[in-house]
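Asks: Okay, handing you the structure first.
Residue numbers (our numbering), protein chains in the order written: chain A, 21 to 326; chain B, 21 to 326.
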């Protein structure tokens, strides 16, 4: 096998209570990528369709992730990468993570899987570092592993994958505004009250318990963010109304996807997720704000060969 | 049935990362209590053996918890309570919680179980409020429900019970010093860094995941406290050495039990727990500090009839 075509999924990080530690993998929103093994050593980005991103390997998240991985291996070949972007950069559903995850997954497959999917997370994180200055794992981990992921620790890196309850669906609406990750981070406070922190880790515990026991109500009750959402949501037009609309239409919970501006809702069953999508759309239609919307089951596998 | 004899278990709250939200139930450390249905209405504490505690109903945690429960019911009888204390007050293993939990459990049984065990938590919390000024649930919940408990939220009260992996054992050493809960609380800071809070909720998530998947190593890796232990441990003589000794002797993790001064270690298997107990004892023997020590499996049931 010298060429592989991949689906590189979008992801939702943070999930309300789980700032910087939780994420989930979407199933029908994502990029495509072709990775090709070639004689000429090194990594080349040969094509990018759908986005205005740098072709230079060391300025491209897929390239940087690939180089980080190849620096740990002795290989006598090189790789070409074609990227077909469908996830918009800056959407808050893991656009850079999809590319970084796809690159390392594809190369790993073509090399006969020297690494496990979990091993690959550390390399994909280097792409995230290029994209945001921070080698975070809360998007690349679910993109590579599927389901839900918990980044328990960075030093050492310790990632726990958790199956999603089967009937869980995500609705994600992306208002077409620009919200830089750096701006979304600048509104955060570097200290939080102990009281809020306790409520937050109670909810993280509740969400994890809800996932293991497939307790949809508990998942919903735990999708609450004491700390980040109150600060960031003001940067997202219509956030309160979108969230309220999602809850009124049966969402288990709703919050900011990653650092925004996308807003997610989780629900039980596709019908409810579709209804929420329609209601969210109506809100942005009335506001005359362009948007994209996705309804997806939780992807159990992560990046996959197509 | 007009009289019931109970075992009222000791409990370990906080469990390193889970400050104010997590707790577990011990199996062979605890008080005994007799609850008797009588004609004369009201609640009377008729005997307390093993501790110098008030007999006045409204000054006794068992009495206050019982009154809180009976205020919600119409009953044409009263109750007498005898308390046989084995858990020392101020030990950090839920002495007041054991009495409060036992009182409401016993009365509930004698009344034909109008309430579930989970319902009883709110009444037992009123005993805790008398004891510490704070109606906390992280000891009364495991005392009533057994296993591990997570207090996801107080408003509304939302408690999740989690089974313990079967081979998990606790070792708890209680250095015989006085450490007032108020002093243990006064060293806490009311704000924490966002970075520490994120590490803490990553560990809470990891601990809950470890319990559901019976992943003893993950449980151990998650038993880490960024926030409270560094501040409180200085109040406990020999804390660092006891913890280090526990880890060197095979503990999965170790930390402060509740607000101290007791120190707990969790381990896989009774042999390891016994070995840790011996090693902890040696430390306090050499320091010439009186201590009590307990080795216990996790109690799956909570308060029980004996």
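Note that beta-carbon positions come from the ideal geometry of N, C-alpha and C, so glycine has one too.
What you are looking at is a predicted structure, and each value in this text was computed from that prediction instead of being measured.
Strictly by DSSP, which residues pair up with residue 285/A?
Replies: Beta-bridge pairing links residue 285/A to 191/A and 274/A.
Asks: Keeping to the same chain, check which residues put their C-beta closer than 7 Å to that of residue 282/A; ignore five residues upstream and five downstream.
Replies: Same-chain partners within the cutoff: 111, 112, 113, 192, 193 and 194.
Asks: Return no unless some Cβ of chain B is closer than 9 Å to the Cβ of residue 219/A.
Replies: Yes - at least one Cβ of chain B is within 9 Å of the one on residue 219/A.
Asks: Looking at the secondary structure, which residues open and close the alpha helix (DSSP H) in which residue 304/A lies?
Replies: Note, residue 304/A: alpha helix (DSSP H), 290–306.
Asks: Which chain A residues sit within Cβ distance under 8 Å of residue 226/B?
Replies: Near residue 226/B (Cβ distances below 8 Å), the residues of chain A are 170, 172, 173, 178 and 180.
Asks: What are the residues of the segment 41–58 of chain B that lie near chain A, defined by any Cβ-Cβ distance shorter than 9 Å?
Replies: Answer set for the segment 41–58 of chain B: 41 and 42.
Asks: Could you compute how far the alpha carbon of residue 61/B sits from the alpha carbon of residue 97/B?
Replies: The alpha-carbon atoms of residue 61/B and residue 97/B are separated by roughly 5 Å.
Asks: Could you compute how far the alpha carbon of residue 73/A sits from the alpha carbon of residue 52/A?
Replies: Taking the straight line from one Cα to the other gives about 15 Å.
Asks: Rounded to whole angstroms, how far is the Cβ of residue 84/A from the Cβ of residue 147/A, which I believe are closer than 8 Å?
Replies: Confirmed, about 5 Å.
Asks: Taking 6 Å as the limit between beta carbons, can you name the residues of its chain near residue 307/A, skipping five residues before and five after?
Replies: Answer for residue 307/A: 258, listed in chain order.
Asks: For residue 180/B, tell me which candidate among 190/B, 166/B and 186/B has the shortest Cα-Cα distance.
Replies: Ranking the options by Cα distance to residue 180/B, first place goes to 166/B.
Asks: Quick one: list the residues of chain A neighbouring residue 209/B, beta-carbon separation under 9 Å, in chain order.
Replies: The answer, in chain order, is 214.
Asks: Between the segment 132–147 of chain B and the segment 228–244 of chain B, can you find at least three pairs of beta-carbon atoms closer than 8 Å?
Replies: Not touching, per the Cβ criterion.
Asks: To which residues of the same chain is residue 295/A closer than 7 Å at the C-beta, ignoring the five residues directly before and after it?
Replies: Cβ within range, chain order: 269 and 270.
Asks: Applying the criterion that 16 or more other CB atoms from any shown protein chain within 10 Å of the CB defines a buried residue, is residue 188/A buried or exposed?
Replies: Flag for residue 188/A reads buried.
Asks: Short check: CB of residue 272/B to CB of residue 239/B, under 9 Å?
Replies: It is a contact, given that the beta carbons lie within the stated cut-off.
Asks: Where does residue 99/A sit, in a helix, a strand or coil, going by DSSP?
Replies: Note: residue 99/A maps to strand in three-state DSSP.
Asks: Sorted by chain position, which residues of the same chain lie with C-beta nearer than 6 Å to residue 197/A's C-beta, five sequence neighbours on each side aside?
Replies: Around residue 197/A: 281.
Asks: What number of angstroms, rounded off, separates the C-alpha of residue 228/B from the C-alpha of residue 217/B?
Replies: Whole-angstrom Cα-Cα distance: 17 Å.
Asks: Figure out for me which residue from 78/B, 253/B and 71/B has the closest Cα to the Cα of residue 108/B.
Replies: It is 71/B whose Cα lies nearest to the Cα of residue 108/B.
Asks: Starting from residue 27/A, follow its DSSP beta bridges and name the residues at the other end.
Replies: In the DSSP output, where bridge partners are listed per residue, residue 27/A has 52/A and 324/A.
Asks: Which residue from 168/A, 323/A and 278/A puts its Cα closest to that of residue 248/A?
Replies: Per the Cα distances, 278/A.
Asks: Just the chain B side, please: which residues come within less than 7 Å of residue 223/A by C-beta, in chain order?
Replies: Simply 172.
Asks: Just to make sure I have the definition right: I need the residues of chain A whose C-beta is within less than 9 Å of the C-beta of residue 238/B. Which are they?
Replies: Within 9 Å Cβ-Cβ: 172, 178 and 180.
Asks: Which residues in chain A have a C-beta closer than 7 Å to the C-beta of residue 152/B? List them in chain order.
Replies: In chain order: nothing, as chain A lies at least about 16 Å away.
Asks: Out of 177/B, 104/B and 58/B, which has the shortest C-alpha to C-alpha gap to residue 67/B?
Replies: The residue with the shortest Cα to Cα distance from residue 67/B is 104/B.
Asks: Answer yes or no: does any C-beta atom of chain A fall closer than 9 Å to that of residue 229/B?
Replies: Output row for residue 229/B: interface = yes.
Asks: Taking residue 233/A as part of the alpha helix (DSSP H), name the residues at either end of that continuous run.
Replies: Run containing residue 233/A: 214–233, per the alpha helix (DSSP H) assignment.
Asks: Going by DSSP, name the residue or residues bridged to residue 45/B.
Replies: Paired residues: 31/B.
Asks: Looking only at DSSP bridge pairs, what is residue 62/A linked to?
Replies: DSSP, once it has assigned bridges, lists 98/A as partnering residue 62/A.
Asks: Comparing C-alpha positions only, which one of 100/B, 117/B, 131/B and 185/B sits nearest to residue 162/B?
Replies: Comparing Cα-Cα distances from residue 162/B to each of 100/B, 117/B, 131/B and 185/B, the minimum goes to 117/B.
Asks: Assess, as a yes-or-no matter, whether the segment 25–36 of chain B is touched by the segment 211–225 of chain A under the definition of 3 or more beta carbon pairs within less than 8 Å.
Replies: No, the segment 211–225 of chain A is not in contact with the segment 25–36 of chain B.
Asks: Taking 9 Å as the CB-CB cut-off, is residue 311/A touching chain B?
Replies: With 9 Å as the cut-off, residue 311/A does not count as an interface residue toward chain B.
Asks: For residue 170/A, which residues does DSSP report across the bridge?
Replies: 42/A and 180/A.
Asks: If you measure beta-carbon to beta-carbon, which residues of the segment 240–259 of chain B are closer than 7 Å to chain A?
Replies: For the segment 240–259 of chain B, which is checked against every Cβ of chain A, the residues closer than 7 Å are 241 and 242.
Asks: Closer than 9 Å, Cβ to Cβ, to anything on chain A: give me those residues from the segment 184–211 of chain B, in chain order.
Replies: Listed by position along the chain: 208, 209, 210 and 211.
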